[in-house]
Amino acid sequence: MSVTDTAKPKTAPGPALIYNPRVRGFVYQALLLAAIAFLFWEAASNAFENLARAKIASGFGFWHNTAGFDISQHLIDYSTTSTYGRAFWVGLLNTLVVAVLGIVFATVLGFIIGIARLSTNWLVARLAAVYVEVIRNLPLLLQLLFWYNAVLKVLPEMRDSLLLPGGGFLNNRGLFLPQPVFKEGVGLVLAALAVAVVVSVAYHFFAKRRQVQTGQQSPVLRVTLALVFGLPLLALLLTGFPVDFLYPEKGRFNIRGGMEVLPEFMALLFGLVIYTAAFIAEVVRAGIMAVPKGQAEAAYSLGLRPGPTLRLVVIPQAMRVIVPPLTSQYLNLTKNSSLAVAIGYPDLVQIFAGTVLNQTGQAVEVVVITMGVYLTISLVTSMLMNLYNRRVALTER
Amino acid sequence: MSDIATITDTRLAFVRTKPFDPLPPPIVNSGAIGWLRQNLFSSALNILLTAFCVLMIAWLGPPLVKFLIIDAVWDGASRADCIATPQRPEVGACWAFVIERLGFFTYGFYPADQRWRVDVFFVLLAFGIGWITWLDAPRRDLGMIYFFIVVPLLSFFLLVGLPVLGLPYVSTAQWGGILVTIVVAWVGIVVSLPFGVLLALGRRSRMPVVRMASVIFIEFVRGVPLITVLFMASVMLPLFVPEHLTPDKLLRALIGVALFASAYMAEVVRAGLQAIPKGQYEAAMAVGLSYWQAMRLIVLPQALKITIPNIVNTYIGLFKDTTLVFIVGIFDFLKTIEAARGDVNWAAPTTSITGYAFAAMFYFVFCYAMSRYARYVEHRLRAGDRR
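If you read the protein sequences in the order shown, they are chains A and B.
If you count the first sequence from 1, position 231 lands on 235 in the working numbering, and the numbers rise without skipping.
If you count the second sequence from 1, position 263 lands on 276 in the working numbering, and the numbers rise without skipping.
And the structure:
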């Protein structure tokens, strides 16, 4: 492992071949390559032998075989007669749903707690610190088991369901919410929303250009809010509320209608959000503290009020520090959602690396596909991250 | 001058010759009240927030204390002691359950007459940890050898057994509880540091094959969840080795954890290596040290020293992640809690929560101690920089 390539003039008598860093480097690399190749070859030949002995099929033929098991939560059509391939997509969607919702809630909670830790209010800062210290130092799996077994599973039974305001029910079999049913005319509302978004974006660019040319600022935020909420609301009023709610109805032993949220899903979401929020809070705190105090003071001395100072000076600089570790927290959350297997939420790992693996016995294919999914998510995210970093770096001196 | 003096004497009745005594500071800005005003009630928003926090503490605090201590059951022999009765309508945490099953939580199914071996292992380990974490301890180099080489060898024979010396063989299937948690965490710690250093050096190597191999390994392991690595170790590993060499279940999990921890450690060490100024490498080369000499004597000592806080933080993550071996069927501490929780003999409404509370305290004590230590080292290192 040489650090330098000492290129000597050709005329000088070179050292013995064994002391030539280039030759040595070449030999080391060849040896490493040979060792890796040997390991792979050995593993593959053993695997073929073991699989043949155990009479386990190999290849991806199982993808189109009938799965024959049921899945408690499926966002796309699925039944026991569906294929393993279909089960894979169901599991992947379930993983993505919990990851996306988890990321949204964990970001909100994490920013609130991170800012609370920097609050001038002693009590608020202390409470936030206690939250972060306690949650970060407990294993996520323990927290998930706690939420699932000690909180959600001891809720009242179906018969004595808790009635929630707005017509929902909560019991130990899950959360039952009213389901929105869209009638004719809802298209107009969606169209109004789309128009609002397009106009807002256009207004944003217009305001920016105007500020560059004339120095005058426009109330972008207020106009955007008014458009995005106002237009759809107006459309709703004009079409006479084309949305109905299908309320869950309580029977003796079960609840009919409405939307059912599994307790496994809730436990996983609670656990992931509460756990990741503690880490995001630390990221946010570190990011804000990384902005030198002089930046805010300089803004005050120029006459900016605290609000604009925070919005225009501190936050843009803090975001540069916050975003990379924040993304890695998002990735962690996505990867941690695989702990679903411990509480029985049908995510990718539970369905695929659990049930499908046990039924087919094709460990290599199943584990490789599962790992491939997570690896793809990770690599795509870090690629986007690098793009973002390059964009941010451009504005630096 | 004399004019003024005469005016003073005749026209004005009184002129102070000494200044007033200073007034006491306004009570609203100093002392306890000032502190309260400044820190809790400085604005309308802050008053609201303070009220909210006080309400939250009042809502959560007393019931928690009541449940964990006041209403708790401290001794008993079965579920009957932890169930609410008309005489005692409020039953809190069932500590009797934890106390009765403490042996199970600590040793799992380790034979009762052999449990002293586990105790000796804990003592050996605690001694080693004390030696290398105490920064001013004598002969810390010997401590490193003791912790990374002597203890692993000794405890292997101690825990697995050496019939020649009268230590009967104990199958790893009988291991469990805190013993397994500590073994998994500690194997991860001992293996991940050297492997992490090698991978980090490989990633910064100029040889493309070495660099690519390191990068692929590190990014691959860091890109997938630990569970899938454990699945791979437990279901794929037996396929990849000849049948007679199939490692036992615990060893497979240990391999998975060690691989995973090494990849994370590699990135931590790499950050430390990057923080060492280039001049250090160049100076080492200038005095004629070989690559390995330069690394061992110049670069790594500095890089590892500034990385200690991050290394300890990685160990905290590793310690928490040991709970995941539960999913591939290893009887770690959390799994013993889960098993004991379902015991019919102790089936009471508060048993589960008590078990989880106990587990939470165990993990919190270890992780919090580690994070305090990391912060202490960080502080000490910064003191060196301040000079």
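Quick reminder that beta carbons are idealized off the backbone N, C-alpha and C, glycines included.
No experiment lies behind these values; they were computed from the predicted model shown.
7 angstroms is my cut-off, CB to CB: does residue 372 of chain B come that close to chain A? yes
Please identify the residue among B:195, B:213, B:189 and B:139 whose C-alpha is closest to the C-alpha of residue 281 of chain B. B:213
According to DSSP, which residues form a beta bridge with residue 107 of chain B? Paired residue(s): B:86.
At what residues does the beta strand (DSSP E) containing residue 318 of chain A begin and finish? Counting along the chain, residue 318 of chain A falls outside any beta strand (DSSP E), and DSSP gives it neither H nor E.
If you count every other CB in all the chains shown that lies within 10 Å of the CB of residue 257 of chain B, and 16 or more means buried, which is it? exposed
So, for residue 234 of chain B: in the same chain, excluding its five sequence neighbours on each side, which residues have a beta-carbon less than 7 angstroms away from its beta-carbon? The answer, listed in chain order, is 242, 272, 273 and 276.
Using a Cβ-Cβ cutoff of 7 angstroms, what residues of the segment 42-73 of chain A are near chain B? List them in chain order. 47, 50, 51, 54 and 55
For residue 89 of chain B and residue 87 of chain A, what's the separation of their Cα atoms in angstroms? 53 angstroms
6 angstroms CB neighbourhood of residue 119 of chain A in its chain, flanking five on each side removed: none
Quick one: any contact between the segment 377-390 of chain B and the segment 136-143 of chain A, if contact means 3 or more CB pairs under 8 angstroms? yes
In chain order, what are the residue ranges of uninterrupted beta strand (DSSP E) at least 3 long that sit wholly in the segment 11-78 of chain A? none
Based on DSSP bridge pairs, tell me the residues matched to residue 190 of chain B. Residue pairing by DSSP places residue 190 of chain B opposite B:345 in a beta bridge.
Taking all protein chains shown into account, do 16 or more other C-beta atoms lie within 10 angstroms of the C-beta of residue 3 of chain A, making it buried, or fewer, making it exposed? Residue 3 of chain A lies beyond the stretch modelled for chain A, which goes from 5 to 401, so this question has no answer here.
List the residues of chain B whose Cβ lies closer than 7 angstroms to the Cβ of residue 265 of chain A, in chain order. The contacting residues do not exist; residue 265 of chain A stays about 22 angstroms from chain B at best.
Length at least 3, wholly inside the segment 106-171 of chain A: the beta strand (DSSP E) runs in chain order: 166-168
Among B:246, B:316 and B:367, whose alpha-carbon lies nearest the alpha-carbon of residue 342 of chain B? B:246
Given a limit of 9 angstroms on CB to CB distance, which residues of the segment 352-369 of chain B reach chain A? Flagged, chain order: 354, 362, 365, 366, 368 and 369.
Residue environment, residue 351 of chain B, which counts as buried when at least 16 other CB atoms sit within 10 Å: buried
Anything in chain B within Cβ reach of residue 92 of chain A, meaning under 7 angstroms, just list it in chain order. What residue 92 of chain A touches in chain B: nothing, since even the nearest Cβ is about 14 angstroms away.
Output needed in chain order: residues of the segment 249-279 of chain B with a Cβ under 7 angstroms from some Cβ in chain A. 249, 252, 253, 254, 255 and 256
Within the same chain, show all residues whose beta-carbon is closer than 8 angstroms to that of residue 6 of chain A, passing over the 5 residues directly before and after it, in chain order. Because the pLDDT at residue 6 of chain A is just 46, under 50, the model does not fix this residue reliably, and the value given afterwards should be weighed accordingly. 25, 26, 28 and 29.
C-beta neighbour in chain A for residue 392 of chain B, strict 7 angstroms: no
Is the segment 90-100 of chain B close to the segment 356-364 of chain B, with three or more CB pairs under 8 angstroms? yes
Taking just the CA atoms, how far does residue 83 of chain A sit from residue 400 of chain A? Summary for residue 400 of chain A: the model assigns pLDDT 48, below 50, so the residue's position carries little reliability, and this model does not support an answer.
So, for residue 137 of chain B: in the same chain, excluding its five sequence neighbours on each side, which residues have a beta-carbon less than 7 angstroms away from its beta-carbon? 164, 167 and 168
Could you tell me the distance, in whole angstroms, from the CA atom of residue 370 of chain A to the CA atom of residue 292 of chain B? Approximately 49 angstroms, taken between the alpha carbons.
Less than 7 angstroms between CB atoms is the rule here; does residue 238 of chain B satisfy it with respect to chain A? yes
Is the beta carbon of residue 349 of chain B sitting closer than 7 angstroms to the one on residue 107 of chain B? Judged by beta-carbon spacing, residue 107 of chain B lies beyond the 7 angstroms limit of residue 349 of chain B, meaning their Cβ atoms are not closer than that value.
What number of angstroms, rounded off, separates the C-alpha of residue 139 of chain B from the C-alpha of residue 196 of chain B? Their Cα atoms are separated by approximately 13 angstroms.
Determine the closest residue to residue 320 of chain B out of B:218, B:333, B:300 and B:394, with distance taken between C-alpha atoms. B:394
Look up residue 184 of chain A in the DSSP assignment and say whether it is helix, strand or coil. DSSP places residue 184 of chain A within a strand segment (E or B) once states are collapsed to three.
So what does DSSP say about residue 178 of chain A, is it helix, strand or coil? strand
Residue 263 of chain A: first and last residue of the uninterrupted beta strand (DSSP E) it sits in: 263-265
Taking residue 249 of chain A as part of the beta strand (DSSP E), name the residues at either end of that continuous run. The continuous beta strand (DSSP E) containing residue 249 of chain A extends over residues 247-250.
How many Å lie between residue 172 of chain A and residue 179 of chain A at the Cα? 7 angstroms
Contact the segment 207-223 of chain B vs the segment 332-343 of chain A: 3+ CB pairs below 8 angstroms: no
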